[in-house]
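Working notes, structure below.
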Amino acid sequence: MGQKIHPTGFRLAVTRNWGSRWFAAGSDFATMLNEDLKVREHLKKKLAHASVSRVVIERPAKNARITVFSARPGVVIGKKGEDIEKLKADLQGIMGVPVHVNIEEVRKPETDAQLIADSISQQLVKRIMFRRAMKRAMQNAMRLGAQGIKIMSSGRLNGAEIARTEWYREGRVPLHTLRADIDYGVSEAHTTYGVIGIKVWVYKGEALARNEQPAATDNEGDNRRGRRRNEGADSKPGAKRPARRTGGDQADGAKRIKKEAGVNDAAAVEKEVS
Numbered sequence: 676m677g678q679k680i681h682p683t684g685f686r687l688a689v690t691r692n693w694g695s696r697w698f699a700a701g702s703d704f705a706t707m708l709n710e711d712l713k714v715r716e717h718l719k720k721k722l723a724h725a726s727v728s729r730v731v732i733e734r735p736a737k738n739a740r741i742t743v744f745s746a747r748p749g750v751v752i753g754k755k756g757e758d759i760e761k762l763k764a765d766l767q768g769i770m771g772v773p774v775h776v777n778i779e780e781v782r783k784p785e786t787d788a789q790l791i792a793d794s795i796s797q798q799l800v801k802r803i804m805f806r807r808a809m810k811r812a813m814q815n816a817m818r819l820g821a822q823g824i825k826i827m828s829s830g831r832l833n834g835a836e837i838a839r840t841e842w843y844r845e846g847r848v849p850l851h852t853l854r855a856d857i858d859y860g861v862s863e864a865h866t867t868y869g870v871i872g873i874k875v876w877v878y879k880g881e882a883l884a885r886n887e888q889p890a891a892t893d894n895e896g897d898n899r900r901g902r903r904r905n906e907g908a909d910s911k912p913g914a915k916r917p918a919r920r921t922g923g924d925q926a927d928g929a930k931r932i933k934k935e936a937g938v939n940d941a942a943a944v945e946k947e948v949s
């Protein structure tokens with residue numbers, strides 16, 4: 676069976692960037708990586724209802740800068756900024772350095788793969804039919820500009836005895852095209868029957884590298900080929916493109932051929948009689 680590579684890891688340094696951006700000496704790497712994992716786990720618990728899409732961690736010169744991408748920035752900041760100050764203090768305790776927290780708003784949460792997966796998992800916990808949740812999410816994503824979306828759910832769907840996997844796709848999702856901007860998200864729904872896993876792929880179009888020109892579409896290619904044919908015909912001296920016969924012209928030509936054939940047959944008969 677063909678296995679699917681992680682779309683984000685496959686495109687790192689091509690069209691995607693890393694979620695943690697810092698450099699560490701060999702002895703400090705494990706410590707800093709462990710701190711990053713603790714920070715992400717803490718933010719996942721604290722901001723469970725804030726629709727967090729992703730977290731970017733940077734470490735410039737004995738400081739830390741954490742950027743939280745959320746569809747509900749007001750929930751993260753809290754009343755008069757109280758919640759974000761508490762969050763900053765907690766993160767400083769984990770990392771041991773001064774922390775700056777930035778909140779970025781996600782403008783279109785309906786086309787963000789992680790937010791779509793989280794939304795479906797919340798609906799499954801509330802006992803909403805998984806097919807209805809998946810199809811509604813796909814319709815919203817396509818309506819708001821996504822060029823393709825694929826959603827997969829695995830587990831005891833609808834409380835079935837035997838676990839199975841179901842998936843739906845709409846539009847194009849080119850997983851092997853490196854320049855394709857594919858957003859990927861995973862979530863889990865902890866239901867009374869067990870855990871249901873949700874995976875979401877969203878294709879947002881092609882991401883061009885620097886100084887790269889967009890590839891010609893099929894229509895442009897057809898026009899270019901037609902132009903070359905015309906140029907070749909014009910280059911020959913006195914060459915004229917033959918006129919295309921219509922249905923009526925073809926019928927008239929057939930009648931004329933039959934008539935001439937009849938005249939020739941009559942002449943041949945007279946010759947034999949004489």
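Last residue of the sequence shown: 949 (my numbering), numbering continuous. The beta carbon of each residue, even a glycine, is placed where N, CA and C say it ideally should be. Because the structure is a prediction, the values reported are computed rather than measured.
Original post:
Between the Cα of D711 and the Cα atoms of L766, H775 and D787, which residue gives the shortest distance?
Top reply: D711 has its Cα closest to that of L766, out of L766, H775 and D787.
Subject >> T786: first and last residue of the uninterrupted beta strand (DSSP E) it sits in >> reply: Boundaries cannot be given for T786, as no beta strand (DSSP E) includes it and DSSP labels it neither H nor E.
Subject >> Same chain, Cβ closer than 7 Å to R691, neighbours up to 5 away in sequence not counted >> reply: So the qualifying residues of the chain are T683.
**OP:** Starting from the Cα of W876, find the closest Cα among H851, T742, T867 and P773 and give me that residue.
**Re:** Answer by Cα proximity: H851.
Original post:
Skipping 5 residues on each side, what residues in its chain have a beta carbon closer than 8 Å to that of V714?
Top reply: Short of 8 Å from the beta carbon of V714, and not among the five residues preceding or following it, lie these beta carbons of its own chain, in chain order: V730, I732, I741, L766, I769 and M770.
Original post:
Distance, Cα to Cα, A812 vs D703?
Top reply: One C-alpha to the other measures close to 42 Å.
Original post:
Okay, do the region 811–828 and the region 772–781 touch, 3+ Cβ pairs below 8 Å being the bar?
Top reply: Between the region 811–828 and the region 772–781, the count of C-beta pairs closer than 8 Å stays below three; the two stretches do not touch.
**OP:** Rank V751, Q678, I871 and R696 by C-alpha distance to the C-alpha of I795 and give the top, closest one.
**Re:** Closest in alpha carbon position to I795, among V751, Q678, I871 and R696, is I871.
Subject >> DSSP state of K737 mapped onto helix, strand, coil >> reply: In the structure shown, K737 sits in coil (DSSP, three-state: anything other than H, G, I, E or B).
Original post:
Roughly how many angstroms lie between the CA atoms of R844 and Y878, to the nearest whole one?
Top reply: So the alpha carbons of these two residues sit roughly 11 Å apart.
Subject >> Residue range of the unbroken beta strand (DSSP E) whose run includes V781 >> reply: First-last for V781: undefined, no H or E at that position.
Original post:
Straight-line CA distance for N738 to V776?
Top reply: C-alpha separation (whole angstroms): 11 Å.
Subject >> Per DSSP, cross-strand counterpart(s) of T742 >> reply: In the DSSP assignment, T742 is bridged to V731 and N777.
Subject >> Those residues which DSSP pairs with K874 across a bridge >> reply: Beta-bridge pairing links K874 to M827 and V861.
**OP:** Please state whether DSSP places A855 in a helix, a strand or coil.
**Re:** Strand, per DSSP.
Subject >> Sequence-distant residues of its chain with Cβ nearer than 6 Å to P773 (five each side left out) >> reply: Closer than 6 Å at Cβ, skipping near neighbours: N738.
Subject >> Own chain partners of F805 with C-beta closer than 7 Å, once the 5 adjacent residues on each side are dropped >> reply: So the qualifying residues of the chain are L799, S828, L832 and N833.
Original post:
Where do the N-terminal and C-terminal ends of the beta strand (DSSP E) with T840 fall, by residue?
Top reply: T840 -> beta strand (DSSP E) spans R839 to G846.
Original post:
Run through DSSP, which three-state label would G880 get?
Top reply: Strand at G880.
Subject >> S695 - DSSP class collapsed to helix/strand/coil >> reply: Residue state, collapsed to three classes: strand.
Original post:
When DSSP builds the beta bridges, which residues end up paired with L687?
Top reply: Answer by DSSP bridge pairing, in chain order: R691.
Subject >> Nearest-angstrom Cα separation, counted from I680 out to D856 >> reply: So the two alpha carbons sit approximately 15 Å from each other.
Original post:
What does a CB cutoff of less than 7 Å around A816 pick up in its chain, not counting 5 residues either side in sequence?
Top reply: Same-chain partners within the cutoff: E785, T786, I791, I824 and V877.
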